[in-house]
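Colleague: Starting off with a structure, shown below.
In this note's numbering, the protein residues as written are 1 to 213.
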């Protein structure tokens with residue numbers, strides 16, 4: 001059974017993250033990767049954004065975060081030079097982050113993922129928020145976050161049900177879920193239903209898509 005406690009979802013969860021970040025905004029986003037930079041550089045810089053290109057609404061969690069600061073996402077290529085949100089395809093992100101043949105490997109799946117945005121996380125892997133081909137969201141209004149991994153069998157795995165859970169886990173306020181692996185939150189009662197929703201909408205009920213170069 002999934003938890004419906006609002007503190008575990010959406011903007012309420014992100015407000016908890018913001019309170020934790022505000023206590024030490026200059027700490028690294030990733031303790032194991034200094035290139036991700038701090039949570040906030042200097043003073044927070046809110047970003048006023050109404051929607052994604054194409055009219056897809058911002059998720060509640062993302063809207064709450066951008067109302068606090070947009071610097072971390074700006075460093076990861078979310079905005080164009082005019083300050084507009086600038087999605088890329090899954091293949092474009094894979095090519096830029098991993099090089100070839102990984103860009104060509106993932107590009108055939110780009111339509112299924114729709115507009116994508118790179119997030120901090122992973123050393124050999126990457127984290128990508130996906131809008132989907134039609135802006136599919138879960139019951140909390142959130143878009144899923146996938147792990148891209150090119151070790152062994154290259155794959156895209158549903159890792160978080162939304163930006164809210166991604167942010168909370170990265171900030172260290174989300175207690176570990178049961179089980180192991182990228183898709184461990186499918187076993188967490190707080191997020192199991194949301195994870196199943198995205199798995200159904202994106203992969204026909206599966207949690208992972210394998211890419212064969």
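Note that CB positions come from ideal geometry on N, CA and C, so glycine has one too. All values reported here derive from a predicted model rather than from experimental measurement.
Rank 100, 25, 133 and 120 by C-alpha distance to the C-alpha of residue 52 and give the top, closest one.
Modeller: In the chain shown, counting from the first residue as 1, residue 52 sits at position 52. Taking only the C-alpha atoms, the option nearest residue 52 is 133.
Colleague: Compute the Euclidean distance between the alpha carbons of residue 27 and residue 67, then round it to the nearest angstrom.
Modeller: Counted from its first residue, the chain shown places residue 27 at position 27. Counted from its first residue, the chain shown places residue 67 at position 67. Residue 27 and residue 67: Cα-Cα distance of roughly 20 Å.
Colleague: Roughly how far, in whole angstroms, is the beta-carbon of residue 61 from the beta-carbon of residue 162, given that I think they are within contact range, below 8 Å?
Modeller: Taking the chain shown and counting its residues from 1, the one referred to as residue 61 is at position 61. Taking the chain shown and counting its residues from 1, the one referred to as residue 162 is at position 162. At roughly 6 Å, the Cβ-Cβ gap stays under 8 Å, so residue 61 and residue 162 are in contact.
Colleague: Cβ atoms of residue 156 and residue 125: under 8 Å apart, would you say?
Modeller: Looking up residue 125 in the chain shown gives position 125. Looking up residue 156 in the chain shown gives position 156. No, they are not a contact pair.
Colleague: Counting along the chain, where does the beta strand (DSSP E) carrying residue 182 start and finish?
Modeller: Mapped onto the chain shown, residue 182 falls at position 182. Looking at the DSSP string, residue 182 is not in any beta strand (DSSP E), and its letter there is neither H nor E.
Colleague: Would residue 115 pass as a contact of residue 87 if the rule is Cβ separation under 8 Å?
Modeller: In the chain shown, the residue the question calls residue 115 occupies position 115. In the chain shown, the residue the question calls residue 87 occupies position 87. For residue 115 and residue 87, yes; Cβs fall inside 8 Å.
Colleague: Residue 175 to residue 141, Cα distance in whole Å?
Modeller: Locating residue 175 in the chain shown gives position 175, where the first residue counts as 1. Locating residue 141 in the chain shown gives position 141, where the first residue counts as 1. C-alpha separation (whole angstroms): 22 Å.
Colleague: Check whether the Cβ atoms of residue 56 and residue 138 sit closer than 8 Å, and answer yes or no.
Modeller: Working through the chain shown from its first residue, we reach residue 56 at position 56. Working through the chain shown from its first residue, we reach residue 138 at position 138. No, they are not a contact pair.
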